[in-house]
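One structure below.
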Amino acid sequence: MRNLLIFISKYNAFFLFIIFEVSALVIYVKYNSFQKATFINSTNKITSNLYAQADQLKSYISLREVNDSLARENAMLRNQLKSSFYIDSVSKHKITDTVYKQQYQFIEAAVINNSINHRNNYLTINKGSHAGIEKGMGVICGQGVVGKVVLVSEYMSVVQSVLHKETRISAMLADHKDIGSFIWGGDLDARKGLLVDVANNAQPRLGEKVVTTEYSLFPSGIPIGKVSNLHTKEGGSSLNMEVELAVDFGKLQYVNVVINKLAKEQLALEGQEKKDE
Amino acid sequence: MSRTIIVNILRFISLVFIQVFLLKNITLYNLSTPYLYILFILLLPFETPNILLFTLAFILGLTIDAFYDTPGLHTTACVLLALVRILFISITVQKDGFDNEPEPTLSIMGFRWFFTYALILTLFHHFFLFNLEVFRFSEIQYTITRVVLSSLFTVFLILVSGLLFYKSKERK
Numbered sequence: 001m002r003n004l005l006i007f008i009s010k011y012n013a014f015f016l017f018i019i020f021e022v023s024a025l026v027i028y029v030k031y032n033s034f035q036k037a038t039f040i041n042s043t044n045k046i047t048s049n050l051y052a053q054a055d056q057l058k059s060y061i062s063l064r065e066v067n068d069s070l071a072r073e074n075a076m077l078r079n080q081l082k083s084s085f086y087i088d089s090v091s092k093h094k095i096t097d098t099v100y101k102q103q104y105q106f107i108e109a110a111v112i113n114n115s116i117n118h119r120n121n122y123l124t125i126n127k128g129s130h131a132g133i134e135k136g137m138g139v140i141c142g143q144g145v146v147g148k149v150v151l152v153s154e155y156m157s158v159v160q161s162v163l164h165k166e167t168r169i170s171a172m173l174a175d176h177k178d179i180g181s182f183i184w185g186g187d188l189d190a191r192k193g194l195l196v197d198v199a200n201n202a203q204p205r206l207g208e209k210v211v212t213t214e215y216s217l218f219p220s221g222i223p224i225g226k227v228s229n230l231h232t233k234e235g236g237s238s239l240n241m242e243v244e245l246a247v248d249f250g251k252l253q254y255v256n257v258v259i260n261k262l263a264k265e266q267l268a269l270e271g272q273e274k275k276d277e
Numbered sequence: 001m002s003r004t005i006i007v008n009i010l011r012f013i014s015l016v017f018i019q020v021f022l023l024k025n026i027t028l029y030n031l032s033t034p035y036l037y038i039l040f041i042l043l044l045p046f047e048t049p050n051i052l053l054f055t056l057a058f059i060l061g062l063t064i065d066a067f068y069d070t071p072g073l074h075t076t077a078c079v080l081l082a083l084v085r086i087l088f089i090s091i092t093v094q095k096d097g098f099d100n101e102p103e104p105t106l107s108i109m110g111f112r113w114f115f116t117y118a119l120i121l122t123l124f125h126h127f128f129l130f131n132l133e134v135f136r137f138s139e140i141q142y143t144i145t146r147v148v149l150s151s152l153f154t155v156f157l158i159l160v161s162g163l164l165f166y167k168s169k170e171r172k
């Protein structure tokens, strides 16, 4: 004990230093928020690391629940999407030109149901009588002819696709104006159709465009497809040829419904003529 | 004896005032900040007991901290400075020389000894002070630069003050 006291008194400077330095550091750390924060941070590094590792194990076990909740959340968010709501307003694109009286008007619509692999294919669009769509109107899209409206409800319409048994569209070869009829072939190929009843003297060439004529529901010049095969088995008094469709029906998203403003007048006039006969 | 106490009290007060009201506002290029107040600890008599030395260093540090709003920072550095002073004096000064040389001033101890004494103690103090303030190893380069430049400034001021109160007659 005595030796210890001698030792302490001999090196009293060091022990005094320890005492004063520790008290000064205590004051420093206690009253200085920055050093305090760093202190706590560095100690927390160890604990937080341990926590993170434990959490990794735990989270792997509960992956199933997390997955379910995420799926639920996805469904909930999807319900809030704009596309899940019906769009009530209608926008009609009008071209006003004083030289021409407008004959065709287009209403845009989204395809909400579509089929391509049946014998008779239909698609449903999200516009109906509310938007001014009537039975018998033509439907086109950016690439070409889609079909015609067969059923109309207030907010929905059913369109008879070109890929249908009863499709018969007045069509012509774009270069030589040789008129024929477009039908959908029997082999259920969503990318091929037939152009039939073309006059024998026509000289179609491979890759020539096939477009609508003025005798159809559609404005003239709307593409249907292009000639892909000149030698089809059904022949006779007229030329038949295979047509590759312009529209990819499998990827149809948006269509335009064609309103022919002169259709009624035309029908009325033609009906009068028949009555007269 | 009583004269030494009065002189040191006056020195304490004047150094704290100079430090707080003048040197606190002086910074050269954001790098060099002088801390002249350590001169008080440097100039304490050789006979000062260790416990008194540490206590005075502690009080001085706390006083400066109170003005600088950094509780404990200068106190810690000053306590370290006191220890370095004890070690330095025990190495370089003979114990029996205390009669003739009561205070480690420039005029008594000579330029070479005083310069080394001031430089080493200032470097220790400043190194500890700046690093404790920054508390980050990533800025060590910038901190070291500040330590060196501030130490030069402080040592310069210490030497100037030593020359100002130079008493040639005391040197025998």
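Chains as they are written, first to last, in this note's numbering: chain U, 1 to 277; chain B, 1 to 172.
Glycine is no exception: its CB is placed at the ideal position from the N, C-alpha and C atoms.
Of the residues the options, the one placed nearest residue i, counting alpha carbons only
i	options	result
U:Met156	U:Ile224, U:Thr212, U:Tyr122, U:Leu217	U:Tyr122
U:Gly207	U:Lys226, U:Lys127, U:Asn67	U:Lys226
B:His74	U:Ser69, U:Val26, U:Lys177	U:Val26
U:His130	U:Leu16, U:Val152, U:Asn74	U:Val152
B:Leu58	U:Gly221, U:Ala24, U:Lys264	Just to set this straight, residue 58 of chain B is Phe in the shown sequence, not Leu. Checked all of U:Gly221, U:Ala24, U:Lys264; the closest Cα to B:Phe58 is U:Ala24.
U:Glu154	U:Asn114, U:Leu230, U:Asn67, U:Glu134	U:Glu134
B:Ile64	B:Asn8, B:Ser90, B:Phe17, B:Leu31	B:Phe17
B:Glu103	B:Tyr37, B:Ile38, B:Val160, B:Thr48	B:Thr48
U:Ser216	U:Gly180, U:Ser228, U:Asn229, U:Gly185	U:Gly180
U:His164	U:Gly147, U:Met172, U:Ala171	U:Gly147
B:Leu22	B:Leu157, B:Phe165, B:His125	B:Leu157
U:Leu194	U:Asn201, U:Asn200, U:Val210	U:Val210
U:Ile19	B:Lys167, B:Phe128, B:Asn50, B:Thr70	B:Asn50
B:Phe153	B:Ile5, B:Pro34, B:Phe88	B:Pro34
U:Asn200	U:Asp178, U:Gln266, U:Tyr60	U:Asp178
U:Arg205	U:Thr124, U:Met172, U:Lys127	U:Met172
B:Ser151	B:Leu164, B:Leu129, B:Ile13, B:Ser138	B:Leu129
B:Ile108	B:Tyr166, B:Thr27, B:Leu149, B:Ile5	B:Tyr166
B:Met1	B:His126, B:Phe46, B:Leu60, B:Leu39	B:Phe46
Three-way DSSP call (helix, strand, coil) for residue i in this model
i	result
B:Ser150	helix
U:Met241	strand
B:Gln19	helix
U:Glu154	coil
U:Asn41	Low per-residue confidence applies at U:Asn41: pLDDT is 49, beneath 50, and the placement is therefore not dependable, though the value from the model is reported in the following sentence. It is helical.
B:Leu56	helix
U:Asn74	helix
U:Gln160	strand
B:Ser32	strand
U:Val26	helix
U:Lys226	strand
B:Thr63	helix
U:Gln105	strand
B:Ile86	helix
B:Val93	coil
B:Lys172	With a pLDDT of 43 at B:Lys172, under the threshold of 50, the modelled position of this residue cannot be trusted; read the value that follows with caution. If DSSP states are grouped into helix, strand and coil, B:Lys172 belongs with coil.
U:Ile289	Examination of residue 289 of chain U is not possible in this model, given that chain U is present from 1 through 277 alone.
U:Tyr122	strand
B:Ser107	helix
B:Phe12	helix
U:Ala263	helix
Residue i vs residue j beta-carbon contact at 8 Å
i	j	result
U:Asn260	U:Gln103	yes
U:Ile169	U:Asn256	no
B:Leu119	B:Gly162	no
U:Thr213	U:Val145	no
U:Gly132	U:Val149	no
B:Arg85	B:Ile41	yes
U:His176	U:Gln203	yes
B:Leu44	B:Asn8	yes
U:Ser238	U:Val198	yes
B:Arg136	B:Leu31	no
B:Thr76	B:Leu10	no
B:Trp113	B:Thr143	no
U:Gly138	U:Ala190	no
8 Å Cβ cutoff, residue i in contact with chain A
i	result
B:Pro45	Checking the listed chains, one finds no chain A in this structure; the protein chains it contains are U and B.
Integer Cβ distance of residue i from residue j, believed to fall under 8 Å
i	j	result
B:Leu121	B:Leu81	6 Å
U:Phe15	U:Ile8	6 Å
B:Phe115	B:Leu159	7 Å
U:Val162	U:Trp184	6 Å
- At a Cβ cut of 9 Å, what residues of the segment 1-13 of chain U count as close to chain B, listed as they run along the chain? Residues of the segment 1-13 of chain U that bring their beta carbon within less than 9 Å of a beta carbon in chain B comprise Asn12, Ala13, in sequence order.
query = Listed from N- to C-terminal order along the chain, which residues in the segment 6-18 of chain B have their beta-carbon within a distance smaller than 8 Å of any beta-carbon of chain U?
reply = none
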